[in-house]
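Mapping of the sequence shown onto the working numbering: residues 65 to 428, in sequence order. For glycine and all other residues, C-beta sits at the position ideal for the given N, C-alpha and C. No experiment lies behind these values; they were computed from the predicted model shown. Okay, structure first, notes after.
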Amino acid sequence: MAMTRRNFTASGAAALAAGSAGTGNAKARLTMPAEWHRHERCYMAFSAAHGVYRRSEIRRIRHEQAIIARTIARFEPVVMFANAADLAEAKALCGPSVTVRRLAHFDIWTRDTLPTIVLDAQHRRHAVSWNFNVWGEKYSGYDEDRDLAKRFAQLLDLPYLPARIVAEGGAIEVDGAGNLMTTESCLLNPNRNPGKTRTEIERELGRLTGASNIIWLPGSKVDVVTDGHIDGIARFVKPGVIVTEVTDDRYDPEYRDLQLAAEILEGATDRVGRKFEVIRLKRPRYDVMPKRGDDFAASYVNCYIANGGIVLPRFDDPARDRAAKGLFSELFPSHEIISLRTDEICEGGGGIHCNTQHLPVSGA
């Protein structure tokens, strides 16, 4: 059986390593841009999670990461972080179109471990740390990833803003216009924010992202890795438009949560009271795909929106794969849509979006 984050359980919970001091002006008006806001570059982290995955699995994960990196590099610069021992292999796999830089880390999930970059009123960048606590203190071995957001901010000389809550980048989805989606199963979970009220969490999300309209979806009762990150459920794809995933398999353990999420979104309004256009996208069918592990992340919306390109997963369900690619082609007519197989990465409970973190351009 393949090793995964699920069976690499922590032997004991480490203390929360939330920074208490920041160098940025937290009182400044901040905005988290939508992912379609132009990027300066994309950041990834070369797999080094020995102990979580077998050596053969790490080789396959690295191969898939290199394909993702080279694909994104067709549209925007990509930096692949690698540990010192892995620099040569990362350079060989990624090739000349990807910049490889040394930065100590453990796992590949930069959407969660690197900071979220927000802009102030002068369009200057700030690095928000969501105080990564290994998805609710679930797994051991992640010490180097706990402070990765702060070290990244130092590397780029960005003001560092530690949040007053625990979250991950994959738990937060914005449209850059004051609307934010998240999930109850993740941010209201006592493994992240014990004692925090919904109002307190909303206030902090608003302070750091500029969102004044928070839409809560139920999340997932069966995702034991991330506790139901929003970036595997629903995404903003343009102003006023949301793609949300559903399944027509009533025996799928997420069937009801996904249906409820779609219904909530269809009844929701934006920060000025307008209804969203909500597009339901069917997930791949487990009875059509090859057999997968319990944590396999079969989500089309867990894609990366690059400058002029969409890097979309595909899952060996030809009809659903074509439908997803066709939908994104309609939604992004000026973008090239590229579908990639990332089975080994998805077996770890995440996807293409989870593997990437973008740096929005600064300046007016």
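- Sixteen is the threshold: when 16 or more other Cβ atoms of the shown chains lie within 10 Å of the Cβ of T273, as they do, the residue is buried.
- For the beta strand (DSSP E) assignment, the uninterrupted runs of no fewer than 3 residues enclosed by the stretch 165-190 are, from N- to C-terminal side, 180-184.
- Just so you know, the alpha carbons of V192 and G357 end up roughly 33 Å apart.
- For S249, the uninterrupted alpha helix (DSSP H) segment begins and ends at 248-251.
- Between Y364 and E318, the CB-CB gap reaches or exceeds 8 Å.
- Residue state for N195 is assigned as coil, using DSSP reduced to three classes.
- With respect to the 8 Å criterion, N366 and G415 are classified as neighbours on the basis of their beta carbons.
- When the five nearest sequence neighbours on each side are left out, the beta carbons in the same chain lying within less than 6 Å of the beta carbon of V198 are those of Y206, in order along the chain.
- S403: member of the beta strand (DSSP E) spanning 400-405, first to last residue.
- Shown here for G200: same chain residues with a beta carbon closer than 7 Å to its own, the five before and five after excluded, namely N253, N255, R256, D291 in chain order.
- Between the alpha carbons of M245 and E237 lies a distance of about 5 Å.
- Of the residues assessed, K339 falls on the exposed side of the cut-off, its CB having fewer than 16 other CB atoms within 10 angstroms.
- When L395, H399, R262 are compared, the shortest CA-CA separation from G373 is found for H399.
- Judged by beta-carbon spacing, G234 lies beyond the 8 Å limit of C106, meaning their Cβ atoms are not closer than that value.
- By the Cβ-count criterion, A326 is buried, with 16 or more other Cβ atoms from all chains shown falling within 10 Å of its own Cβ.
- In chain order, F145, H169, I172, T174 place their CB closer than 6 Å to the CB of A109, counting only its own chain and leaving out the 5 sequence neighbours on each side.
- Within the stretch 97-163, the beta strand (DSSP E) runs of at least 3 residues that lie entirely inside it are, in chain order, 103-109, 142-146.
- In the DSSP annotation of this structure, R338 is not part of any beta strand (DSSP E), being labelled neither H nor E.
- The residues V301, in chain order, have a CB closer than 6 Å to that of L395 in the same chain once the five nearest residues on each side in sequence are set aside.
- Ranking L391, D313, R378 by CA distance to the CA of V342 puts L391 first.
- Taken through DSSP and simplified to helix, strand or coil, Y203 comes out as strand.
- Apart from sequence neighbours up to five positions away, the residues of its chain that approach E232 with a beta-carbon distance below 6 Å are D176, W194, ordered along the chain.
- In the three-state DSSP reduction, E309 falls in the strand class (E or B).
- Beta-carbon to beta-carbon, E140 and H103 are separated by about 5 Å, close enough to satisfy the 8 Å threshold.
- Nearest Cα to L219 within the set R126, P179, I278, G240: P179.
- Within the DSSP secondary-structure output, I278 pairs in a beta bridge with L244.
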